[in-house]
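Numbering (this note's numbering), first residue to last: 1 to 430. Have a look at the structure below before the remarks.
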């Protein structure tokens with residue numbers, strides 16, 4: 001194959017887009033500014049758009065509790081176009097489709113766009129702070145590389161539109177909200193954004209791999225369920241009438257310890273994490289309420305079912321022991337998936353023709369979870385093939401750390417690999 005040439009000017013623009021997204025991070029389901037900026041660039045280069053309001057169904061959405069008006073106002077104050085904000089309705093994310101006008105396969109590519117809820121380092125040792133594009137939204141940070149993903153998606157859109165005479169079939173770009181907490185992928189899949197795709201690609205920057213390395217097909221994703229557990233007890237004077245109280249804090253604390261003591265499963269890896277425990281009102285008040293934010297993970301559906309089921313038993317037992325009531329609310333969920341070996345082999349061919357690639361692995365195991373698995377499974381069930389690509393990116397710290405950053409040269413590699421993969425799949429044969 002003759003690889004696509006990536007203009008240096010496009011690489012420069014991609015870095016500017018990435019830094020803009022990094023400076024204005026938005027948590028899942030609030031990515032109004034990000035969506036508007038993406039839509040603005042896509043429309044400018046001629047891609048027809050569909051906003052999420054046109055295909056998302058409320059019953060499929062998980063973990064969405066936001067003040068839409070407040071988030072839209074913030075987005076516009078930070079530079080989002082007012083007309084685009086109005087046009088997208090109450091939901092974030094969008095898709096764009098390029099029809100080459102010639103019969104051929106349908107290729108869908110997914111890019112996640114939300115940030116992580118953590119504070120970013122502000123000292124001079126941190127590159128985004130030193131260069132003036134660290135987060136201006138307190139408590140929010142692009143510490144997982146989704147700013148780079150969105151920028152690569154935009155650069156790919158520009159490149160494929162410029163090279164559309166070399167293409168056949170259709171290319172669909174999916175800019176997905178709320179990957180963190182695995183809350184958005186299921187709704188996007190159920191909304192049919194990848195239906196009819198013969199091929200589906202998604203990618204992630206970093207993953208603990210160095211710049212220059214490419215994993216063409218990842219698998220072994222952990223199934224995961226994210227949920228909140230609320231304990232409702234009875235408040236009382238801790239000195240005068242402690243017996244009248246029902247201590248929700250102790251119920252939650254007991255549950256937290258015992259959740260982390262759940263026995264492993266012989267069928268595969270399990271994970272449990274209590275990420276948040278909030279309780280208590282005052283030093284002399286028996287705590288009447290407690291909230292826990294919890295996640296469970298399992299190597300496959302059976303193991304995931306086991307660890308989630310045991311978690312429910314632990315929570316119910318703690319509630320009974322302390323005489324409090326329990327409410328559990330699911331906030332996110334994803335399954336496992338495997339990349340298709342045949343498609344991974346094609347991506348390896350594209351990677352060999354891509355600039356900056358120094359190591360190629362056709363398969364690699366993913367240590368975490370990603371709700372792109374819902375889209376992968378949907379395409380595979382429909383007879384198509386799917387692959388999750390790992391693009392190595394040097395970073396001074398791990399994902400979800402306040403000092404996380406991506407080597408921007410890795411975005412050039414990601415763009416080259418995706419563009420050449422698209423050309424291999426949808427390129428004209430004569």
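All residues carry an ideal CB built from backbone N, CA and C; glycine is no exception.
Practice item. Confirm, please, whether the CB-CB distance from residue 338 to residue 224 is below 8 Å. Key: In the chain shown, residue 224 corresponds to position 224, counting from 1. In the chain shown, residue 338 corresponds to position 338, counting from 1. No, the pair does not count as a contact, with Cβ atoms beyond the cut-off.
Review point. Under 8 Å, do residue 22 and residue 112 count as touching if we go by C-beta distance?
Key: Residue 22 sits at position 22 when you count from the first residue of the chain shown. Residue 112 sits at position 112 when you count from the first residue of the chain shown. In this structure, residue 112 does not lie closer than 8 Å to residue 22 by Cβ.
Exercise for review: Might you give, ordered along the chain, the residues of its own chain that have their beta carbon closer than 6 Å to the beta carbon of residue 273, omitting 5 neighbours on each side?
Suggested key: For the purposes of this step, residue 273 is taken as the residue at position 273 of the chain shown. Excluding sequence neighbours, residue 273 sits near 295.
Practice item. Output the distance between the C-alpha atoms of residue 108 and residue 75, rounded to the nearest integer angstrom. Key: Here residue 108 is taken as the residue at index 108 of the chain shown, counted from 1. Here residue 75 is taken as the residue at index 75 of the chain shown, counted from 1. Distance between the alpha carbons of residue 108 and residue 75: 28 Å.
Exercise for review: Thinking residue 297 and residue 271 are a contact (beta carbons under 8 Å), I'd like their distance in whole angstroms, please.
Suggested key: As a position in the chain shown, residue 297 is number 297, starting the count at 1. As a position in the chain shown, residue 271 is number 271, starting the count at 1. Between residue 271 and residue 297 the Cβ distance is about 4 Å, and since that is below 8 Å, they are a contact.
Point to revise | Exposed unless 16 or more other CB atoms sit within 10 angstroms - verdict on residue 48 | key: As a working mapping, residue 48 is identified with position 48 in the chain shown. Classification of residue 48: exposed, given that the 10 Å Cβ count is below 16.
Check your understanding: Does the Cβ-Cβ distance between residue 401 and residue 135 come in under 8 Å?
Key -> Reading the chain shown from its first residue, position 401 is the one you call residue 401. Reading the chain shown from its first residue, position 135 is the one you call residue 135. Not a contact, by the Cβ cut-off of 8 Å.
Check your understanding: Taking Cβ to Cβ, would you say residue 199 is nearer than 8 Å to residue 385?
Key -> Here residue 199 refers to the residue found at position 199 of the chain shown. Here residue 385 refers to the residue found at position 385 of the chain shown. Yes, the Cβ-Cβ distance between residue 199 and residue 385 is below 8 Å.
**Study point:** residue 341 beta carbon near the ligand FMN (any heavy atom closer than 7 Å)
**Key:** In terms of ligand content, the structure shown is empty, and the ligand FMN therefore cannot be addressed.
Practice item. If I'm right that residue 331 touches residue 226 with Cβ under 8 Å, what's the distance once you round it to whole angstroms? Key: Position 331 of the chain shown, counting from 1, holds the residue named residue 331. Position 226 of the chain shown, counting from 1, holds the residue named residue 226. Indeed they touch by this definition, with Cβ atoms about 5 Å apart.
**Study point:** Inter-stretch contact at 8 Å, needing at least 3 Cβ pairs: the region 154-163 / the region 333-353
**Key:** no
Practice item. With DSSP as the reference, label residue 20 as helix, strand or coil. Key: For the purposes of this step, residue 20 is taken as the residue at position 20 of the chain shown. It is helical.
**Study point:** As assigned by DSSP and simplified to three states, the class of residue 426
**Key:** To locate residue 426, count along the chain shown from 1; it is residue 426. Here residue 426 sits in helix by DSSP.
Practice item. Counting only the same chain and skipping the five closest in sequence on each side, list residues whose C-beta sits under 7 Å from that of residue 129. Key: Here residue 129 is taken as the residue at index 129 of the chain shown, counted from 1. So the list reads 121, 122 and 123, once near-sequence residues are dropped.
Exercise for review: Flag this pair as touching only if the region 393-407 and the region 231-245 have three or more C-beta atom pairs under 8 Å; answer yes or no.
Suggested key: no
**Study point:** Buried or exposed by the 16-neighbour rule on C-beta atoms within 10 Å, applied to residue 43
**Key:** In the chain shown, the residue the question calls residue 43 occupies position 43. Exposed is the call here.
Practice item. State the Cα-Cα distance for the pair residue 51 and residue 276, rounded to the nearest angstrom. Key: Looking up residue 51 in the chain shown gives position 51. Looking up residue 276 in the chain shown gives position 276. Roughly 33 Å separates the two Cα atoms.
Check your understanding: Of all the options 269, 322 and 371, which has the alpha carbon lying nearest to the alpha carbon of residue 286?
Key -> On the chain shown, position 286 is the one that residue 286 refers to. Closest option to residue 286, Cα to Cα, is 322.
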